[in-house]
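A short write-up of the structure that comes next.
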Amino acid sequence: MQQINSKGSRDFCIKNIKLAGFGRREIELAEDEMTALMALRKAAQGEKPLAAAKIVGCTHVTAQTAVLFETLMVLGAQCRWAACNIYSTQDEVAAALAEQDFPVFAWKGESEDDFWWCIDRCVNEEGWEPNMILDDGGDMTHWIYKKYPHLFKKVKGIVEESITGIHRLHHLSKAGKLCVPAINVNDSVTKQKFDNLYCCRESILDSLKKTADIMFGGKQVAVCGYGEVGKGCSAALKAMGSIVYVTEIDPICALQLTVCLYTGNKNVVVREHMDLMKNGCVVCNMGRSNTEIDVALALIELFNAPEGRYKQDVYLLPKKLDEYVASLHLQTFDAHLTELTDEQAKYMGLSKYGPFKSSHYR
Ligand SMILES: NC(=O)c1ccc[n+]([C@@H]2O[C@H](COP(=O)([O-])OP(=O)(O)OC[C@H]3O[C@@H](n4cnc5c(N)ncnc54)[C@H](O)[C@@H]3O)[C@@H](O)[C@H]2O)c1
Numbered sequence: 027m028q029q030i031n032s033k034g035s036r037d038f039c040i041k042n043i044k045l046a047g048f049g050r051r052e053i054e055l056a057e058d059e060m061t062a063l064m065a066l067r068k069a070a071q072g073e074k075p076l077a078a079a080k081i082v083g084c085t086h087v088t089a090q091t092a093v094l095f096e097t098l099m100v101l102g103a104q105c106r107w108a109a110c111n112i113y114s115t116q117d118e119v120a121a122a123l124a125e126q127d128f129p130v131f132a133w134k135g136e137s138e139d140d141f142w143w144c145i146d147r148c149v150n151e152e153g154w155e156p157n158m159i160l161d162d163g164g165d166m167t168h169w170i171y172k173k174y175p176h177l178f179k180k181v182k183g184i185v186e187e188s189i190t191g192i193h194r195l196h197h198l199s200k201a202g203k204l205c206v207p208a209i210n211v212n213d214s215v216t217k218q219k220f221d222n223l224y225c226c227r228e229s230i231l232d233s234l235k236k237t238a239d240i241m242f243g244g245k246q247v248a249v250c251g252y253g254e255v256g257k258g259c260s261a262a263l264k265a266m267g268s269i270v271y272v273t274e275i276d277p278i279c280a281l282q283l284t285v286c287l288y289t290g291n292k293n294v295v296v297r298e299h300m301d302l303m304k305n306g307c308v309v310c311n312m313g314r315s316n317t318e319i320d321v322a323l324a325l326i327e328l329f330n331a332p333e334g335r336y337k338q339d340v341y342l343l344p345k346k347l348d349e350y351v352a353s354l355h356l357q358t359f360d361a362h363l364t365e366l367t368d369e370q371a372k373y374m375g376l377s378k379y380g381p382f383k384s385s386h387y388r
């Protein structure tokens, strides 16, 4: 049934607009957690670096991402949004966004057809054409390539935050088909360390407890892959008293895990392994994570970049912006950086204001 918000708008499709009050309270609570985004709003001091930006987005729709969407609006952007995952939408949050006239097309438990319909409703809107894409997984980008390639004439760039989406963009770039610049947010240091390592270290237990409702002390757990996500998950499970086995294919990561006193081998979970598993064994695949500030800064950077700074290629977030993200987080811990003296800066060949490390630093 077509729904309507209290201001008379129908430009959204969600489960139930009546959940808006509950969703708004969740967003307000999330604002206290999304400190860097809130600091960015404050730092803008009413300026609108995203004025005239029309962002079409496809990410999770949760209380945390809602803080991002509303930050983009505070910075001047117009947005239309769909969910990148059919299960992860918080319906009450989608309702709160719709109530604020934020065009959102997402609900928990979408079918495959619903999923693409929602994406299409974001793009295929009379009188509104996107000029920026924010994607988590590459589905929005894929849809525009497939159905509305003419829109790329106006699109200034793509910001992509997942490994999968980045692989798809590199594939397009290699085939010479990438027609706008793209920023790879996944590989920025703050995303890798915060979302992938620290956030997964927390969310693995939260999600496993909620779904499986079992005790982890003494359980034997196999973690596949010892990248940032695997490191976070292994640490959390080990801290709960589980006996953690890690599989890895890369000798460098395998060496890291042996130094950390985990047990390693070189296989991955396949059907035969499942056949061997004990009854009640839990198999879990880490989904994707919260969107934080790197994405907002990547959008500002791409949208305002002077002609020619970015070509039709996939770029990393500039180191200076990555460091800026970290500095905003530091404020919230009331942590203060040591400042290089002029002499020290000269000796090290650095600017006192960064970047402090080379772009390859992890
Ligand atoms: N849930 C979340 O919040 C979240 C956040 C970021 C990434 N992810 C997902 O987690 C996964 C890992 O992300 P990451 O950032 O740690 O990636 P990564 O590339 O840093 O690490 C993956 C590791 O897996 C290893 N590997 C690859 N194939 C393997 C195999 N067959 N067997 C054993 N090991 C193998 C690689 O060598 C690498 O060290 C991805 O699927 C990603 O989409 C989830």
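Numbering (our numbering), first residue to last: 27 to 388. Glycine residues also receive a C-beta, built at the ideal position from the N, C-alpha and C atoms. As the structure is a computational prediction, the values presented were derived from the model and not from experiment.
Alpha carbons only, please: which of 93, 29, 234, 167 is nearest the one belonging to residue 142? Residue mapping note: residue 142 aligns to position 116 of the sequence shown, counting from 1. Here the closest residue by C-alpha is 167.
Count the other CB atoms, across all protein chains shown, that sit within 10 Å of the CB of residue 201; report buried if there are 16 or more and exposed otherwise. Taking the sequence shown and counting its residues from 1, one reaches residue 201 at position 175. Residue 201 is exposed by the Cβ-count criterion.
Given that a residue counts as buried once 16 or more other Cβ atoms are within 10 Å of its Cβ, and exposed if not, what is residue 86? Residue mapping note: residue 86 aligns to position 60 of the sequence shown, counting from 1. Buried is the call here.
Just how far apart, CA to CA, sit residue 39 and residue 179? Within the sequence shown, numbered from 1, the residue matching residue 39 stands at position 13. Within the sequence shown, numbered from 1, the residue matching residue 179 stands at position 153. Rounded to the nearest angstrom, the two C-alpha atoms are 28 Å apart.
Alpha carbon to alpha carbon, what distance is there between residue 84 and residue 59? In the sequence shown, residue 59 corresponds to position 33, counting from 1. In the sequence shown, residue 84 corresponds to position 58, counting from 1. Answer to the nearest angstrom: the Cα atoms are 22 Å apart.
Which residue comes first and which comes last in the alpha helix (DSSP H) that contains residue 300? Indexing the sequence shown from 1 puts residue 300 at position 274. That run of the alpha helix (DSSP H) goes 297-302.
Check for me: the beta strand (DSSP E) holding residue 124 runs from which residue to which? Taking the sequence shown and counting its residues from 1, one reaches residue 124 at position 98. Where residue 124 is concerned, there is no enclosing beta strand (DSSP E), although the alpha helix (DSSP H) it sits in stretches over 117-125.
Mapping the DSSP letters down to three states, classify residue 210 as helix, strand or coil. In the sequence shown, residue 210 corresponds to position 184, counting from 1. Strand at residue 210.
Under 7 Å between C-beta atoms of residue 324 and residue 211: Walking along the sequence shown from the start, residue 324 turns up at place 298. Walking along the sequence shown from the start, residue 211 turns up at place 185. Closer than 7 Å, so yes.
Presumed contact (8 Å Cβ cut-off) between residue 259 and residue 227, rounded CB distance: Start at 1 with the first residue of the sequence shown, and residue 259 comes out as number 233. Start at 1 with the first residue of the sequence shown, and residue 227 comes out as number 201. Rounded, the Cβ-Cβ distance is 7 Å, consistent with contact.
Residues sharing a beta bridge with residue 130, DSSP: As a first step, residue 130 must be located in the sequence shown, where it is residue number 104. Answer by DSSP bridge pairing, in chain order: 107.
Indicate whether residue 130 and residue 122 have their beta-carbon atoms separated by less than 7 Å. By one-based count along the sequence shown, residue 130 stands at place 104. By one-based count along the sequence shown, residue 122 stands at place 96. Not closer than 7 Å, so no.
DSSP state of residue 309, grouped into three classes? What you label residue 309 is simply residue 283 of the sequence shown in a count that begins at 1. Residue 309: coil per DSSP, three-state reduction.
For a test of your reading of the model: does the CB of residue 162 fall under 6 Å from any non-hydrogen atom of ligand 2? Yes or no. Annotation note on ligand 2: not contained in the displayed structure, which lists ligand 1 as its ligands.
Looking at ligand 1, does it come within less than 6 Å of residue 296, judged from the CB to the closest heavy atom? As a position in the sequence shown, residue 296 is number 270, starting the count at 1. Not so, every heavy atom of ligand 1 lies at least 6 Å from the Cβ.
According to DSSP, is residue 161 part of a helix, a strand, or is it coil? For the purposes of this step, residue 161 is identified with residue 135 of the sequence shown, where counting begins at 1. In the structure shown, residue 161 sits in a strand (DSSP, three-state: E or B).
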